[in-house]
């Protein structure tokens, strides 16, 4: 995730960051500029359609469809941001649950061996979940404390190990039944958070909706020069690519943030959150 100063307008306007959509769109913008120039030349000099009133009115179509495409893009970006924000809330809850569980474990006055186990296992769940959402596997150091099978759901295995250890403490008489219930409530939240993150990860925007927006956007932009050339002349060459940049950028941003757990520039700071969990849990239990 990019850290920035929202009040630094100069940097926003004149600096092209690697996450800027202009870097991705400039080849397409250049192609549209060339296409617009060819259309302008053909209509003004070769076909000489400047006096044809019917062709002049083709711009009315863009006026009518402009509202429709703006509504579609607003809905698209809002939906993607909702997914991004829900992912951030789930990761914030994971941080809080990890800290609360560590604080409760510390208050039980258990032995050094138990503290060592929980100070490793609690953060390991966060790291395992992070890699799971990125379709990778996490085994971690000191894997002998929590053994996992790479062919299975690793976050579930870590959660099962934590749960088993808590039940063993109750059987050994180190914690009471009431304390077991309290700790189990926090452990259950781990799986709930995992399920919420998986729902965001594995439920993308419906294909037909995303495909329709891209096709609609392409047809809308590619037909702009046909009607606008009579009022703008060769100014369609810079103006049409700029309109493409504005509209296509909204779609690209929505695509990037709809899966907020990846490693793109605008994704959530998942690595930093996991490192903070490891740091804070270690501070509590050591």
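In the numbering used here, the protein residues as written are 143 to 428.
Quick reminder that beta carbons are idealized off the backbone N, C-alpha and C, glycines included.
The structure presented is a predicted model; accordingly, all values stated were derived computationally and were not measured.
For residue 405, which three-state DSSP category applies? Indexing the chain shown from 1 puts residue 405 at position 263. If DSSP states are grouped into helix, strand and coil, residue 405 belongs with coil.
I'd like to know whether the C-beta atoms of residue 248 and residue 427 end up nearer to each other than 9 Å. Locating residue 248 in the chain shown gives position 106, counting from the first residue. Locating residue 427 in the chain shown gives position 285, counting from the first residue. In this structure, residue 427 lies closer than 9 Å to residue 248 by Cβ.
Runs of alpha helix (DSSP H) lying entirely within the stretch 335 to 390, each at least 4 residues, in chain order: 349 to 364, 366 to 374
Residue burial classification, residue 357 (beta-carbon count within 10 angstroms, cutoff 16): By one-based count along the chain shown, residue 357 stands at place 215. So residue 357 counts as exposed.
Whole-angstrom C-beta distance between residue 389 and residue 363, which should lie under 8 Å: As a working note, residue 363 is residue 221 in the chain shown. As a working note, residue 389 is residue 247 in the chain shown. The pair is a contact, with the Cβ atoms about 7 Å apart (cut-off 8 Å).
Find the nearest neighbour of residue 219 within the set 318, 305, 352, 369, judged by alpha-carbon distance. Sequence index remark: in the chain shown, residue 219 carries index 77 (1-based). The shortest Cα separation from residue 219 among 318, 305, 352, 369 belongs to 352.
To test your reading of the DSSP string, which unbroken alpha helix (DSSP H) runs of 4 or more residues are found completely within the stretch 244 to 322? 254 to 275, 296 to 313
According to DSSP, is residue 236 part of a helix, a strand, or is it coil? What you label residue 236 is simply residue 94 of the chain shown in a count that begins at 1. Of the three classes helix, strand and coil, the one that applies to residue 236 here is helix, per DSSP.
Determine the extent of the alpha helix (DSSP H) in which residue 426 is found, giving its start and end residues. As a first step, residue 426 must be located in the chain shown, where it is residue number 284. First-last of the alpha helix (DSSP H) with residue 426: 412 to 427.
Could you check which residue in 167, 268, 212, 297 has the C-alpha nearest to that of residue 234? Your numbering for residue 234 matches position 92 in the chain shown. For residue 234, the nearest C-alpha among the options comes from 268.
When you compare only the Cα positions, how much space is there between residue 412 and residue 405? On the chain shown, residue 412 is found 270 positions in, with the first residue counted as 1. On the chain shown, residue 405 is found 263 positions in, with the first residue counted as 1. So the two alpha carbons sit approximately 9 Å from each other.
Can you give me the Cβ contacts of residue 416 inside the same chain, cut-off strictly under 6 Å, excluding the 5 residues immediately before and after it? Counting from 1 along the chain shown, the entry for residue 416 is found at position 274. Counting only Cβ-Cβ distances below 6 Å, and skipping sequence neighbours, we find 268, 269, 272.
Cα-Cα separation, residue 283 to residue 383: Taking the first residue of the chain shown as position 1, residue 283 is located at position 141. Taking the first residue of the chain shown as position 1, residue 383 is located at position 241. So the two alpha carbons sit approximately 51 Å from each other.
Tell me, to the nearest whole angstrom, how far the beta carbon of residue 287 is from that of residue 308; I am working on the premise that it is less than 8 Å. Looking up residue 287 in the chain shown gives position 145. Looking up residue 308 in the chain shown gives position 166. With 8 Å as the limit, residue 287 and residue 308 do not qualify as a contact, their Cβ atoms being about 15 Å apart.
Under the three-state reduction of DSSP, which class applies to residue 242: helix, strand or coil? In the chain shown, the residue the question calls residue 242 occupies position 100. Note: residue 242 maps to helix in three-state DSSP.
Which of the three DSSP states, helix, strand or coil, is assigned to residue 185? As a working note, residue 185 is residue 43 in the chain shown. Of the three classes helix, strand and coil, the one that applies to residue 185 here is helix, per DSSP.
Between the alpha carbons of residue 261 and residue 170, how many angstroms are there, rounded? Here residue 261 corresponds to residue number 119 of the chain shown, with the count starting at 1. Here residue 170 corresponds to residue number 28 of the chain shown, with the count starting at 1. Cα to Cα, the separation comes out at about 51 Å.
Tell whether a beta-carbon distance below 9 Å holds between residue 163 and residue 394. Looking up residue 163 in the chain shown gives position 21. Looking up residue 394 in the chain shown gives position 252. Yes, the Cβ-Cβ distance between residue 163 and residue 394 is below 9 Å.
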